[in-house]
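Working notes for the structure below.
Residue numbers (this note's numbering): 233 to 1164.
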């Protein structure tokens, strides 16, 4: 009884603390500005001019696909190692690191799927000033003094320039003047390119670190009551990167801001530092839950990308300007070339930058995914509707919610449980009073084709009755303080410690905890939600970990902060693979993310609010993540905080139905908001939105497979598909889902008419998804949007697969027939694909899937298989042809040389042809002839 009372008091104070944090966290004072970050201030005060960094010409070595040289900082007389690699797929890599440092710099390996292969370049010329080389259709020009690296296309048009403004910076590790350094006694590796094991190395204090002037924040700084010690001194790095000829840049999520990134002067730079920000503000450069240091620049002629492979806190300044950079042969008429100048600086680590030279948007996406991996293909259920709140109270509550979906004829696939389902916030446990029969509860849900998700956070309750904590303590798997003891902070579990996922053994151990005999009360139909993994620490600086904590390999937390959440996500993903012996696809949702997170599952935009402004902001936020290679994303429907009215809820469900991850979620203090709680009329509208999502699941699944194969975005800014149309470059309130569905959600109250821009020029046709009314491209059109209307349009020249028989869960629709919408272009042609597999296993990796190509031209429809190694009972029930300008005299099909007449109808007003039952099979090739 005493234990229960203590736990109850503790939980009360935790929730009270977080409510106080919530009240004040909207105040930006809880999080650092650049002026409160010493390394940000130091890098930002570097003025453009002649750089002190110069390449020592007599040290340059030319190897196959690589150039190695030494770079001297004339201000400090310190020499650094420069490596330039030319890679396959029009990608180059630039690295700068310390030579023989007192402590090795952290290098991020976990983001890359493998060490990139080098492409052999051709050295075009070399002299005392520098050299010029060519690889594939790209040219690199390197200037020795001051050091400058320029990237051109094969027409000698300058695209990207490193250190053109002279802002490069590299603060070498040093010994604090007047102290005896323990840091000089150890290094983590005997090889700059192999830091896995960690060894000790004796070093004497170099002459250049003696008598160095100490500035504020270099060796120690404070934020509010928190002190950050810096035993190795200032360690920041920086590089200016100019995108020449580009006015618009995108990416570097996560920020609640516009898609096209803004000039940052005179305000703060964009910040990348994973943080738990309650009810975040909109349209500012503050850091949020995830960080991907990847930027894309685009103009009417070219797309290029930049990836800074560094996991430390990072800031990016952006300035658009007109400039002349060097000797440029330009496609522009004016001598003033539009340029976006960016300045990247991180607190520690090395300069490790990849330049992706396109030339088009999808090329850049592919080049980035070649480095960091393509998105995982989710199980089909993960693309259905998810119902969540903090919290469903008990088994009876779960049973009733599940039954209500059936009662109201609303499909859904997953019901979620938040932290209150656990035994006193001990993850991978169940509250014995509220959830005494968890397996039976999950089995009951699964009997209807549905799944369950439970939350698992990275903070482990420091409780001797908790088996996970006891094992982690014994195995020394916790993050440490700098005195070697386990770090102890506060989160939902009260006094907590955090698993050190930098340790490969800790990751393997964590994965083993998902085995059904270890995670008691779980089943194969239970999946996982990783929250609070920035990591969130309620009593830490900026509600996160102290930077001078120590991880496996003796790395400071400052070196790896942005990597932590992804490693937790990865470990949970591996746990699900281990659980099924590598047979079933995991589903893991994560709040924190980094480059490479796309390989492990879904992400959402965190603690948004029940406001129209947050619905509107969710679109550019999700587009930014997609641009940065993270496509399986969504925002909490209705807003996590607050109580939305019926209109906002309806519009949010309608919008979210056309985003990759589709989940309703709400804070514990909000009113219940299941789809049937907003009145009969709103229930009908929400039901219709969710059912529309289930109708288009075959299309969504096909697009997700395309993303898995190619790295292409799922939610695409219009410029990705229409790269030469400048009207699309700043649009972020409408987008393409895949390449063929144009979506413009209603995001304002009382908005009964909106303006939609139809890209592609006058020869591009778009068809209303509901009415089939055609619109010509190149125009802004007024579209009526009563509450029943979701503004979605089909691209002419495309084929959209649907399933019209909506059932209560996606798994029950797997053998249902397909309807094909064939939307003809101005030439009367169309083409598309259908991807099918079993929807849950990893057999598709062994080629067990069906990928069919469908096309229509010259009055004939043909379906043939690009890959046919999956048998399905699904068949083609109807073909709907849009833009059919003449009524056919007959329609016939041919299957296995058997010709038969088909029943059809034709609408002369809408120019729509409907062909019934064209094929009893989907896994066989067939053709349809239309005659006049």
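Built from N, CA and C at the ideal position, the CB exists for glycine as well.
What first and last residue would you give for the alpha helix (DSSP H) that runs through residue i?
i: residue 932; result: 929 to 942
i: residue 845; result: 844 to 859
i: residue 790; result: 789 to 811
i: residue 329; result: Careful: residue 329 lies outside any alpha helix (DSSP H), inside the beta strand (DSSP E) at 323 to 330.
Using C-beta distances below 7 angstroms, list every residue in its chain close to residue i, excluding the 5 sequence neighbours before and after it, in chain order.
i: residue 1172; result: One cannot answer for residue 1172 here, as it falls past the ends of the chain, which runs 233 to 1164.
i: residue 280; result: 397, 398 and 399
i: residue 1157; result: 1095, 1096 and 1097
i: residue 376; result: 286, 287, 289, 361 and 362
i: residue 307; result: 284
i: residue 440; result: The predicted model places residue 440 with a pLDDT of 38, which falls under 50 and marks its position as unreliable, so this point remains unresolved.
i: residue 1038; result: 643, 923, 926 and 927
So for residue i, helix, strand or coil by DSSP?
i: residue 413; result: In this predicted model, residue 413 has a pLDDT of only 47, less than 50, meaning its place in the structure is not dependable enough to derive any value.
i: residue 524; result: coil
i: residue 1147; result: strand
i: residue 874; result: coil
i: residue 729; result: strand
i: residue 368; result: coil
i: residue 1063; result: strand
i: residue 261; result: helix
i: residue 581; result: coil
i: residue 512; result: coil
i: residue 675; result: helix
i: residue 255; result: At residue 255 the pLDDT is 41, less than 50, meaning the model places this residue with poor confidence and gives no usable figure here.
Which residues does DSSP pair with residue i in a beta bridge?
i: residue 1094; result: 1087 and 1159
i: residue 739; result: Answer by DSSP bridge pairing: none, since residue 739 is not bridged.
i: residue 458; result: 455
i: residue 618; result: 646 and 895
i: residue 1055; result: 1030 and 1114
i: residue 554; result: 570
i: residue 723; result: 726
Locate the beta strand (DSSP E) running through residue i, then write down its first and last residues.
i: residue 305; result: 298 to 305
i: residue 719; result: Element bounds for residue 719: n/a, residue is neither H nor E.
i: residue 895; result: 894 to 896
i: residue 569; result: 569 to 578
i: residue 293; result: 293 to 295
i: residue 836; result: 834 to 836
i: residue 271; result: Run containing residue 271: none in the beta strand (DSSP E); it sits in the alpha helix (DSSP H), 270 to 276.
i: residue 1024; result: 1024 to 1027
i: residue 1123; result: 1122 to 1127
i: residue 1036; result: Looking at the DSSP string, residue 1036 is not in any beta strand (DSSP E), and its letter there is neither H nor E.
i: residue 1008; result: 1006 to 1008
i: residue 769; result: It is not in any beta strand (DSSP E) - residue 769 carries neither H nor E in the DSSP assignment.
i: residue 1014; result: 1011 to 1016
I'd like to check one pair, residue j with residue i: are the Cβ atoms closer than 8 angstroms?
i: residue 788; j: residue 782; result: yes
i: residue 940; j: residue 606; result: yes
i: residue 751; j: residue 660; result: yes
i: residue 886; j: residue 977; result: yes
i: residue 1028; j: residue 1115; result: yes
i: residue 529; j: residue 587; result: no
i: residue 761; j: residue 688; result: yes
i: residue 918; j: residue 930; result: no
i: residue 502; j: residue 484; result: yes
i: residue 891; j: residue 871; result: no
i: residue 893; j: residue 834; result: yes
i: residue 469; j: residue 402; result: yes
i: residue 514; j: residue 391; result: no
i: residue 1147; j: residue 1110; result: yes
i: residue 780; j: residue 858; result: no
Looking only at its chain, what residues have a beta carbon closer than 6 angstroms to the beta carbon of residue i, apart from the 5 residues adjacent to it on each side?
i: residue 1117; result: 1143
i: residue 524; result: 485, 827 and 860
i: residue 966; result: 976
i: residue 593; result: 535, 952 and 955
i: residue 881; result: 870 and 910
Below 8 angstroms CB to CB, which residues in the same chain sit around residue i once its five sequence neighbours on both sides are set aside?
i: residue 495; result: 550, 551 and 552
i: residue 677; result: 630, 634, 647, 683, 684 and 757
i: residue 303; result: 285, 286, 287, 288, 311, 312, 313, 314, 328 and 379
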